[in-house]
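Data first, discussion second: the structure below is written as structure tokens.
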Amino acid sequence: MLKVLGFVLCGLLMSLQSSNAESTIISQEAYEKACQDSTSSLFESEMSKFTFPELKVDSIAIKGLYIMNVTILPIKAKCIPGVGVKVYFSALLSIFGTCANALVPGVVTVTVRLNCSALVLLEDYLPDNSSVGVRDYTCDASLIDVKISLSNIGVSVEATLRNNILFELKNKAPKILSSCFSIGHRKLLHCINSVIAFETGKIIYVPKPPKVHNYSIEIPLQTQYETSDGKRIPIPSLPASPEVMLAANGTTETIGENTFTIILSRIVFEKPKTIPCTPETFPETRALEVALNNTIVSKCPACSSSPFSLVIIVEVVTPLKVHLDVNLCTMNISLNLEIMSKKGNESLLVLAVLEAKLGLAATLHLTEGEVQFSVALDSLTLSLVSSVNGTTDIKLLQEPLRAFVREVIINEINSYLKIGKIPILRIPGLTYTAVDCRPAQRCIVCHNYHKKKKN
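Right, here's the structure in full:
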């Protein structure tokens, strides 16, 4: 049971990458192999518990009949669009037991072929359901050989034995197979639910009800980002475009800009950041103090005259957003800069609040299977939100605050992005060759997959 669908899992994940994590496709042939793996082991296990009632005919006791061996023949499947999959199941059963009368002991061996078919309904299936629907079940059992090591067994005794075994198999086999198909499909979709480890959360692909097409099964996937506190945030699907389809081929992995935005926006200045302005943290602190004194402090009766210490609290107004285009990656974020002064043991006084709209030019790196960004300031717009003096001309504040953004804020953002490395999904049996991360429109191509060479 634990190796259910191992044969097709690698293929499923590869197609998951090539479809930009919006859906994964299972071919009819792959479904047959997966069904063979899951159903065979489960059916053999369940059949080993199967026993037949004791028969007593003409003083001949036939008892202790059990299934000694099960041989599963290749399972066939046929996709029925919009409904489900018709599964054809065949098995050879070796039944063994003992029989005896007062004079002649002996054994019974019976070989039976079991031919079953069932329609497995997938259209209403949900991953959290306990079972799938099974409809139109037929099960036929035919005796291939009967051997009884008693010379005086009558025709009626053998006929009764045949009828009893066939009756039991026809009634119990469908229930056993229904359970096998149900468990197999639960494991199918839960195996597809691939989780990528992440520093402060997880990217999770949540399977939705399958859609059955001719010769294939499509499983839509909802991409979600799970934060460190357990909250799940849906990541919207990317609209289809030729650029995405060109980039998303079978040998590369693609990650959409929505995924980057959801993850990184939860990391960059997730909480307000208090930054003391000192020559150690910001070399141009003195220039900022002079500009504040000339612009605000000198015109504010309640403000302490110089010298005073500065603190700037940085808080997100509009979270970071990632934009991808051909060979280009940019980011935007809006921040409030709350500038506060303090003299001695006095309480902090808010001098001004400014909104800073940052345009960032991003560079992508791929190291050891992880995507990482670094950014540089491309554009900056500063506007006054409030001032202790009311209306204030911020012309003199522009240059020192731009320096503060370039030298302090950008470093802070890069430190967040360094934490926010995004691991690439690893598929067992494949090696990875890093290539330059190449932005395509609305997706990013990160690396190539290669099959491992066998020694």
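Under mature numbering (1 follows the signal peptide of the UniProt record, and there is no 0), the letters of the sequence shown match residues -21 to -1, 1 to 434, in that order. All C-beta atoms, glycine included, are put in the ideal place defined by N, C-alpha and C.
task: Use the C-beta contact count for serine 161: other C-beta atoms within 10 angstroms, 16 or more gives buried, fewer gives exposed.
output: Position 182 of the sequence shown, counting from 1, holds the residue named residue 161. It is buried - the Cβ of serine 161 has at least 16 other Cβ atoms within 10 Å.
- request: Determine the contact status of valine 62 and isoleucine 54, defining contact as a CB-CB distance below 8 angstroms.
  value: The sequence position of residue 62 within the sequence shown is 83, counting from 1. The sequence position of residue 54 within the sequence shown is 75, counting from 1. In this structure, isoleucine 54 does not lie closer than 8 angstroms to valine 62 by Cβ.
query: What beta strand (DSSP E) runs, 3 residues minimum, are completely inside the stretch 42 to 104?
result: 55 to 59, 63 to 79, 84 to 100
task: Identify whether leucine 328 lies in helix, strand or coil by the three-state DSSP scheme.
output: Sequence index remark: in the sequence shown, residue 328 carries index 349 (1-based). Strand at leucine 328.
query: So, helix, strand or coil for residue 435, using DSSP?
result: The requested residue 435 is not part of the displayed model; the chain covers only -21 to 434.
message: Rounding to the nearest angstrom, what Cα-Cα distance links valine 91 and asparagine 237 in this structure?
response: For this step, residue 91 is matched to residue 112 along the sequence shown. For this step, residue 237 is matched to residue 258 along the sequence shown. Taking the straight line from one Cα to the other gives about 57 angstroms.
query: Which word fits glycine 76, buried or exposed, when buried means at least 16 other C-beta atoms lie within 10 angstroms of its C-beta?
result: On the sequence shown, residue 76 is found 97 positions in, with the first residue counted as 1. Classification of glycine 76: buried, given that the 10 Å Cβ count is 16 or more.
- prompt: Is it the case that the Cβ atoms of alanine 70 and threonine 50 are separated by a distance below 8 angstroms?
  reply: Within the sequence shown, numbered from 1, the residue matching residue 70 stands at position 91. Within the sequence shown, numbered from 1, the residue matching residue 50 stands at position 71. Going by C-beta atoms, alanine 70 is nearer than 8 angstroms to threonine 50.
query: With 16 other CB atoms within 10 Å as the buried threshold, where does histidine 164 fall?
result: Within the sequence shown, the letter at position 185 stands for residue 164. With 16 or more Cβ atoms within 10 Å of its Cβ, histidine 164 is classed as buried.
- prompt: Ends of the beta strand (DSSP E) at aspartate 115?
  reply: Position 136 of the sequence shown, counted from the start, is the residue given in the question as residue 115. Taken as a continuous stretch (DSSP letters only), the beta strand (DSSP E) holding aspartate 115 covers 112 to 127.
message: Can you tell me whether lysine 252 is helix, strand or coil according to DSSP?
response: Position 273 of the sequence shown, counted from the first residue, corresponds to residue 252. Residue state, collapsed to three classes: strand.
message: Short of 8 angstroms in beta carbon distance, which residues of its chain neighbour isoleucine 123, apart from the five on each side in sequence? Order them along the chain.
response: The sequence position of residue 123 within the sequence shown is 144, counting from 1. The answer, listed in chain order, is Leu71, Thr90, Val91, Arg92.
- prompt: With burial defined as no fewer than 16 other Cβ atoms inside 10 Å of the residue's Cβ, what is the status of lysine 12: buried or exposed?
  reply: The residue you call residue 12 lines up with position 33 of the sequence shown. When all chains shown are included, lysine 12 counts as buried.
task: Sort out for me which residues DSSP pairs histidine 344 with in a bridge.
output: Numbered from its first residue, the sequence shown carries residue 344 at position 365. For histidine 344, which the question treats as bridged, DSSP gives the partners Gln351.
message: Using only CA atoms, which one of Asn311, Ile5, Ile275 lies nearest to asparagine 193?
response: Taking the sequence shown and counting its residues from 1, the one referred to as residue 193 is at position 214. Of Asn311, Ile5, Ile275, the residue nearest in Cα terms is Ile5.
query: Helix, strand or coil: which one does DSSP assign to lysine 181?
result: For this step, residue 181 is matched to residue 202 along the sequence shown. Looking at lysine 181 - three-state DSSP - the assignment turns out to be strand.
task: Taking 8 angstroms as the threshold, find out whether the stretch 306 to 323 comes into contact with the stretch 333 to 346 through three or more Cβ pairs.
output: yes
- prompt: Which residue's Cα is closest to the Cα of serine 277: Ser128, Val64, Ser394, Val367?
  reply: Counted from its first residue, the sequence shown places residue 277 at position 298. Among Ser128, Val64, Ser394, Val367, the Cα nearest to that of serine 277 belongs to Val367.
task: Could you work out which residue in Ala152, Thr202, Thr274 is closest to lysine 28 when comparing CA atoms only?
output: Numbered from its first residue, the sequence shown carries residue 28 at position 49. Out of Ala152, Thr202, Thr274, Ala152 has the C-alpha closest to the C-alpha of lysine 28.
message: Would serine 73 and valine 113 qualify as a contact pair, given that the criterion is a beta-carbon distance under 8 angstroms?
response: The residue given as residue 73 occupies position 94 in the sequence shown. The residue given as residue 113 occupies position 134 in the sequence shown. Cβ distance not < 8 angstroms, so serine 73 and valine 113 don't count as in contact.
query: Hey, isoleucine 241 and tyrosine 204: beta-carbon distance below 8 angstroms or not?
result: Position 262 of the sequence shown, counted from the start, is the residue given in the question as residue 241. Position 225 of the sequence shown, counted from the start, is the residue given in the question as residue 204. Yes, they are a contact pair.
- prompt: How about isoleucine 318 and leucine 330: are their beta carbons less than 8 angstroms apart?
  reply: For the purposes of this step, residue 318 is taken as residue 339 along the sequence shown, with counting starting at 1. For the purposes of this step, residue 330 is taken as residue 351 along the sequence shown, with counting starting at 1. Closer than 8 angstroms, so yes.
For leucine 375, the first and last residue of its enclosing beta strand (DSSP E): Translated into positions along the sequence shown, residue 375 becomes position 396. Careful: leucine 375 lies outside any beta strand (DSSP E) and carries neither H nor E.
query: Pick from Pro60, Ser96, Lys57, Val387: whose alpha carbon is nearest that of phenylalanine 248?
result: For this step, residue 248 is matched to residue 269 along the sequence shown. For phenylalanine 248, the nearest C-alpha among the options comes from Val387.
Cα-Cα separation between glutamine 7 and leucine 52, rounded to whole angstroms: In the sequence shown, counting from the first residue as 1, residue 7 sits at position 28. In the sequence shown, counting from the first residue as 1, residue 52 sits at position 73. Near 17 angstroms, if we compare the C-alpha coordinates of leucine 52 and glutamine 7.
field: Where arginine 211 falls: helix, strand or coil (DSSP)
entry: Counted from its first residue, the sequence shown places residue 211 at position 232. In this structure, arginine 211 counts as strand in the three-state DSSP scheme.
- prompt: If you run the structure through DSSP and keep just helix, strand and coil, what is lysine 190?
  reply: Looking up residue 190 in the sequence shown gives position 211. DSSP places lysine 190 in strand when its eight states are reduced to three.
query: If you compare alpha carbons, which of Asn150, Lys126, Pro60, Asn393 is closest to leucine 98?
result: On the sequence shown, position 119 is the one that residue 98 refers to. Residue Pro60 is the option with its Cα nearest to leucine 98.
- prompt: Got a sec? Which residues, its chain only, sit under 6 angstroms from histidine 302 by beta carbon, not counting five neighbours each side?
  reply: Looking up residue 302 in the sequence shown gives position 323. If we look at histidine 302 and ignore the five residues flanking it on each side, its Cβ neighbours are Thr309.
message: Less than 6 angstroms between C-beta atoms, sequence neighbours within five positions excluded: which residues of the same chain meet that for phenylalanine 239?
response: For the purposes of this step, residue 239 is taken as the residue at position 260 of the sequence shown. Same-chain partners within the cutoff: Val301.
Three-state class that DSSP yields for glutamate 263 in the structure shown: Within the sequence shown, numbered from 1, the residue matching residue 263 stands at position 284. The answer is coil: DSSP assigns glutamate 263 none of H, G, I, E or B.
- request: Specify the secondary structure class of threonine 297 as computed by DSSP and reduced to three states.
  value: Within the sequence shown, numbered from 1, the residue matching residue 297 stands at position 318. It is a strand residue.
- prompt: From this set, Ser320, Leu333, Lys250, Val111, which residue's C-alpha is nearest threonine 370's C-alpha?
  reply: Indexing the sequence shown from 1 puts residue 370 at position 391. The candidate whose alpha carbon is nearest that of threonine 370 is Leu333.
CB of serine 362 within 8 angstroms of CB of leucine 396, strictly: Sequence index remark: in the sequence shown, residue 362 carries index 383 (1-based). Sequence index remark: in the sequence shown, residue 396 carries index 417 (1-based). The answer is no: Cβ separation not under 8 angstroms.
query: Are cysteine 58 and serine 195 closer than 8 angstroms when you measure CB to CB?
result: As a first step, residue 58 must be located in the sequence shown, where it is residue number 79. As a first step, residue 195 must be located in the sequence shown, where it is residue number 216. Cβ atoms of cysteine 58 and serine 195: closer than 8 angstroms.
- prompt: Looking at the unbroken beta strand (DSSP E) that takes in serine 6, where does it start and where does it end?
  reply: Working through the sequence shown from its first residue, we reach residue 6 at position 27. Segment 2 to 6, the beta strand (DSSP E) holding serine 6.
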